[in-house]
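Some notes on the structure that comes next.
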Ligand code: SAH
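Next comes the structure, spelled out in structure tokens:
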């Protein structure tokens, strides 16, 4: 015989259902990777890396690669992941090597203490001596344009803070970087050593002349703007190599120019983005010989 519920029992069942049903619904909505359809849309464009993922990316067993032992690597990890997700990946940079590299390099270690607070913000910052560290997005865009891999030999003109060199060094084999302001060259060389970038070779000098002793390079990156592309740099680019640098005489009319040299040595160049960089000084400003 089917037992009848008493009025009191019915009230209890009703009350528990009122509580339980919304609880279950809420649990389903907020379970990570749950049934919410919108999530999968974001997932297909990549998701913001969490701290554990970044800590795993810091692991480095190959003794010839940057070692990530300095405490700065473990500081402000979430802010860096957020910067990469919102400023870099959300725009048009999707090379996984570049995204990983920018999650790793502790940008706050490359700026002065007065600017540390803004280290992960979406704009360039002053680094002293009238120079700037580029906006993170520009660093990501230029690094991606170089199509670096673990065998790449890179030349950079304009070390500045050393940040761009570090971002390249996380991906490439070796990075040669030249800075014309001697004090900046000394500061950034020390900083890069301290952080374990033993594959970065820095010197003070005029980058106009490149670094012939280590040429040719698979990739050349210039981070100061000149009215023309220095001829020695073109010569020092390997066939099959890529070079990106800002070109334009005045501060208001500059373009990032991407040059590629084919296997026969033919050059092609195209403007890829309007930009605003500090001027390249030294030889390039003298009348052409
Ligand atoms: N890549 C840098 C940004 C540097 S700003 C970073 O990540 O922080 C450009 C730098 O180019 C400045 O430090 C400036 O002093 C340097 N520079 C300008 N003309 C140069 C030249 N002819 N050779 C080498 N460096 C030069």
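Numbering (the working numbering), first residue to last: 1304 to 1592.
For each residue, glycine too, the CB sits at the ideal point set by N, CA and C.
Residues 1559 of the same chain have their beta carbon placed closer than 6 Å to that of residue 1576, with the five preceding and five following residues left out of the count. A direct Cα-to-Cα measurement between residue 1422 and residue 1508 gives close to 27 Å.
Taken in chain order, the unbroken stretches of beta strand (DSSP E) that lie wholly in the stretch 1443-1467 and span 3 residues or more are 1456-1460.
Annotated as proximal: residue 1361 and residue 1407, with beta-carbon spacing under 8 Å.
Residue 1522 has 1457 and 1545 as its beta-bridge partners, per DSSP. Counted as a single uninterrupted DSSP element, the stretch harbouring residue 1494 is not any beta strand (DSSP E) but the alpha helix (DSSP H) occupying residues 1485-1497. DSSP links residue 1573 through a beta bridge to 1561. At a Cβ-Cβ threshold of 8 Å, residue 1539 and residue 1550 do not count as neighbours. Per DSSP, the continuous beta strand (DSSP E) segment holding residue 1429 begins and ends at 1428-1431. Distance from the CA atom of residue 1505 to the CA atom of residue 1480, rounded to whole angstroms, is 5 Å.
Short of 7 Å from the beta carbon of residue 1450, and not among the five residues preceding or following it, lie these beta carbons of its own chain, in chain order: 1545. Looking at the DSSP output, residue 1479 bridges to 1458 and 1504. Taking 8 Å as the cut-off, the beta carbon of residue 1581 is found no closer than this to the beta carbon of residue 1363.
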